[in-house]
Amino acid sequence: PATSEPVAAPAPATETEDSTGEIVSGPWTAPEPAPKAVEPAELPGATKAARQSDVETPLGTRWAVWVGGIALALGGLFLIRYTIEAGIFGPGVRLTMAGALGLVLVAGGEFVRRTGFKMPVQGAAGAYIPAILAAAGAFILFGTVYAAHGIYGFIGPALAFTLLGVIGVATIAAALVHGQALAGIGLVGAMVTPVLVASQAPNPWALFGYLAIVLAATGVIARMRDWKLLMAAAFFGTGVWTILYMTDAPGAKLSAILFIDAVTLAVLALVWLARRGDETTPDRAFDWPSIVPGLFVAFSALGLSVDPAFAAASYALPGAVVIAAMVAVTLYRPLALPLLYAAGLVTVLIYLGIIPPTLIASDFSGGALGVDGLPVATSNALTLRIGIALGLVFIGAGFWAARRFAAGTQIRAASWAAWGVIVPLVVLLALWFTFGNLDRDPVYAAAAALLVVIFAAGGEWIARAEEPPLKGGIAVSFALGGAAIAGLLLMHMAFDSGWTTILLGAAAIVPALATRWRVYPVLGWISVGAVIAVLGRVAFDPTIVGAGFLSTTPVFNWLLPGYGVPALAFGFAAWQLARTTNGRPRLAMEAAAQTVPL
61 PATSEPVAAP APATETEDST GEIVSGPWTA PEPAPKAVEP AELPGATKAA
111 RQSDVETPLG TRWAVWVGGI ALALGGLFLI RYTIEAGIFG PGVRLTMAGA
161 LGLVLVAGGE FVRRTGFKMP VQGAAGAYIP AILAAAGAFI LFGTVYAAHG
211 IYGFIGPALA FTLLGVIGVA TIAAALVHGQ ALAGIGLVGA MVTPVLVASQ
261 APNPWALFGY LAIVLAATGV IARMRDWKLL MAAAFFGTGV WTILYMTDAP
311 GAKLSAILFI DAVTLAVLAL VWLARRGDET TPDRAFDWPS IVPGLFVAFS
361 ALGLSVDPAF AAASYALPGA VVIAAMVAVT LYRPLALPLL YAAGLVTVLI
411 YLGIIPPTLI ASDFSGGALG VDGLPVATSN ALTLRIGIAL GLVFIGAGFW
461 AARRFAAGTQ IRAASWAAWG VIVPLVVLLA LWFTFGNLDR DPVYAAAAAL
511 LVVIFAAGGE WIARAEEPPL KGGIAVSFAL GGAAIAGLLL MHMAFDSGWT
561 TILLGAAAIV PALATRWRVY PVLGWISVGA VIAVLGRVAF DPTIVGAGFL
611 STTPVFNWLL PGYGVPALAF GFAAWQLART TNGRPRLAME AAAQTVPL
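Position one of the sequence shown corresponds to residue 61 (the numbering used here), numbered consecutively onward.
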């Protein structure tokens with residue numbers, strides 16, 4: 061005990077003196093037990109004081125600086141208004157004074173940033189005064205140029221348009237040193253410029269050329285700083301202008317629409333998503349700003365395909381090209397996964413719209429969406445060929461990409477596999493309803509049989525790329541489920557009512573037998589799907605072939621095979637599943653085998 065005190069005494073030697081003169085412990089010294097004992101008692105008071113300081117600092121310092129910046133911006137505009145009302149200066153002097161004030165504020169913000177000047181007020185630095193001054197100056201410059209054009213007519217539309225665009229792009233570029241908020245101000249100013257500058261002869265190429273420059277510049281700045289919100293806002297503004305232009309459907313130029321769609325996809329793929337790390341890793345499935353261009357580009361493709369004015373000009377083919385381009389961009393940049401969903405959804409809507417009873421209507425010229433009583437798109441040979449082409453695009457891209465991501469990002473693999481089967485099935489169904497024979501159509505039945513083979517083979521192809529192989533993940537489940545639905549369509553297209561019910565029941569055996577070689581979880585549920593299909597047909601027509609065609613011979617009529625064959629097939633499937641997977645599908649098949657004969 062006598063020697064323990066000298067050992068503890070050198071502890072203060074590890075303490076160092078910081079720049080403020082306070083004595084602090086070095087990071088290598090262990091904390092002393094005594095402070096630990098009293099720390100809980102002092103914590104509530106310290107926390108309360110810190111919380112009070114956090115609230116008072118913004119209210120007392122930062123908010124005052126921010127409000128001051130807003131006052132400067134509004135003051136520049138009110139300066140112009142007051143001198144107009146009072147008639148103190150001439151128009152030229154007024155605009156010169158306002159422009160000079162805007163430039164002084166921008167220069168002042170840059171001076172403060174370069175010199176590192178800080179207000180001698182605690183917490184004021186958090187408001188970042190240079191950005192506030194630059195924002196106020198940009199706001200005043202926007203107002204000055206607009207007043208010179210819209211109020212006094214000193215400058216023409218072309219010069220005003222150019223100056224406002226330059227100010228907007230320069231403000232966005234200045235955000236590299238001043239922060240994202242300033243970029244937002246510049247972007248808003250750039251996007252409202254076409255509204256502020258009126259022209260007697262509107263030129264869509266001037267509009268979309270200007271928007272392309274703004275979008276590309278914003279994309280570069282946002283990419284350098286990884287500003288997702290700014291990029292999404294730029295895509296949103298460009299998309300809104302595209303849709304507004306398309307509302308003037310009879311006068312809209314196809315080339316201008318395709319140009320801005322191409323620019324949007326190019327900025328997304330080549331600027332925003334360029335070199336964003338390894339896109340095959342499962343860390344991030346998609347990039348959320350890609351949702352915005354996906355929606356607007358898909359919406360323009362929908363308009364080109366189904367709007368009456370565009371359809372009359374045979375713009376459906378360019379609309380299909382836009383959809384294919386969206387799929388291609390998603391293949392090139394996997395993070396642009398929302399484009400795949402947008403392309404798939406718009407294709408489904410287009411081809412559901414050609415079915416006479418469905419009638420999803422989109423009328424840009426009327427400015428509304430709705431449901432009508434007439435087909436949306438004219439059904440012709442071009443519609444048929446486009447549907448086949450889009451179906452092949454989604455099948456090829458979908459299964460190739462699903463295999464590519466099968467061992468990594470499951471959500472990407474599942475998304476590609478899902479749209480690879482959904483779009484072809486919807487297109488086949490729509491074309492059959494529109495062009496085919498709803499009773500029996502061997503041509504469409506052959507197409508459905510081909511889809512069964514393609515989807516089943518594609519599912520096996522994807523499964524071999526999984527890790528571990530052949531585990532039957534969700535992408536494989538989508539592919540094999542698509543094969544089952546294609547088989548359902550095949551039987552309805554190729555056979556009459558009685559044979560369809562019998563063969564649907566017998567089809568439950570196929571996936572059950574497949575469990576002898578593969579343990580994919582979806583196989584048993586496909587057998588359950590066959591049960592649901594049979595029960596649905598029986599509920600719709602308990603006589604199997606229709607009351608008028610059912611023989612009056614007891615027992616030996618369509619009721620015997622119509623109920624007996626499915627019951628036997630369900631029983632065999634249950635027996636087979638019990639020997640292999642032995643899960644819930646087996647219980648469902650046993651219940652079906654007992655219920656159907658009743």
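Virtual Cβ for every residue (Gly too), placed ideally from N, Cα, C.
No experiment lies behind these values; they were computed from the predicted model shown.
Residue i to residue j span [Cα, whole Å]
| i | j | result |
| --- | --- | --- |
| G363 | G596 | 37 Å |
| Q112 | F268 | Residue placement at Q112 is flagged as unreliable, the pLDDT there being 48, under the threshold of 50; the coordinate-derived value follows with that caveat. Straight-line Cα distance between these residues: approximately 51 Å. |
| S360 | A653 | 51 Å |
| A160 | A385 | 47 Å |
| W577 | R644 | 19 Å |
| V226 | A250 | 8 Å |
| G228 | L397 | 30 Å |
| L489 | L549 | 8 Å |
| M649 | I471 | 30 Å |
| A292 | L530 | 39 Å |
| R19 | L224 | Only positions 61 to 658 of the chain appear in this structure, which leaves residue 19 out of reach. |
| L242 | A218 | 25 Å |
| G210 | V252 | 14 Å |
| I303 | A272 | 15 Å |
| A195 | L290 | 16 Å |
| W492 | P484 | 12 Å |
| T641 | R524 | 20 Å |
| L405 | L573 | 35 Å |
| T278 | L247 | 8 Å |
| A312 | G451 | 29 Å |
| L647 | V352 | 45 Å |
| T655 | A593 | 14 Å |
| L469 | A477 | It is Thr, not Leu, that sits at residue 469 in the sequence shown. Their backbone Cα atoms lie some 13 Å apart in a straight line. |
| R639 | I586 | 17 Å |
| A506 | G496 | 12 Å |
| V327 | A235 | 19 Å |
| A651 | T307 | 56 Å |
Proximity below 9 Å, CB of residue i to CB of residue j
| i | j | result |
| --- | --- | --- |
| A282 | W348 | no |
| A402 | A358 | yes |
| G532 | F515 | no |
| I317 | T298 | no |
| G162 | T204 | yes |
| V582 | L619 | no |
| L193 | V172 | yes |
| L399 | S350 | yes |
| G624 | P657 | yes |
| D501 | A554 | yes |
| T561 | V591 | no |
| A629 | A568 | yes |
| L391 | T324 | no |
| Y375 | L314 | yes |
| Q240 | W287 | yes |
| L155 | F221 | no |
| G518 | F459 | yes |
Residue i versus the options, residue with shortest Cα-Cα distance
| i | options | result |
| --- | --- | --- |
| G197 | I545, G239, A525 and I245 | I245 |
| Y411 | R393, A449, P398 and A385 | A449 |
| V536 | L304, A380, G480 and D367 | G480 |
| F538 | L290, A554 and E520 | E520 |
| V382 | F630, L564, L355 and E170 | L355 |
| S557 | D499, V588 and P571 | D499 |
| A158 | A208, L405 and P190 | A208 |
| A233 | D367, A191 and G213 | A191 |
| P416 | L377, T494 and L395 | T494 |
| P151 | I586, I446 and Y212 | Y212 |
| Q636 | T575, F616 and M284 | T575 |
| A345 | A322, D367, L395 and P378 | L395 |
| I455 | M551, E527 and V513 | V513 |
| W265 | Y305, A462 and G216 | Y305 |
Expected contact under 8 Å - CB spacing of residue i and residue j to nearest Å
| i | j | result |
| --- | --- | --- |
| V453 | V387 | 6 Å |
| R393 | A473 | Contact flag wrong, Cβ pair sits at about 16 Å. |
| L256 | Y206 | 5 Å |
| G565 | P626 | 3 Å |
| I446 | A380 | 5 Å |
| V408 | I482 | 7 Å |
| I604 | G622 | 3 Å |
CB contact below 9 Å: residue i versus chain C
| i | result |
| --- | --- |
| V252 | Here chain C cannot be found, since the structure has a single protein chain. |
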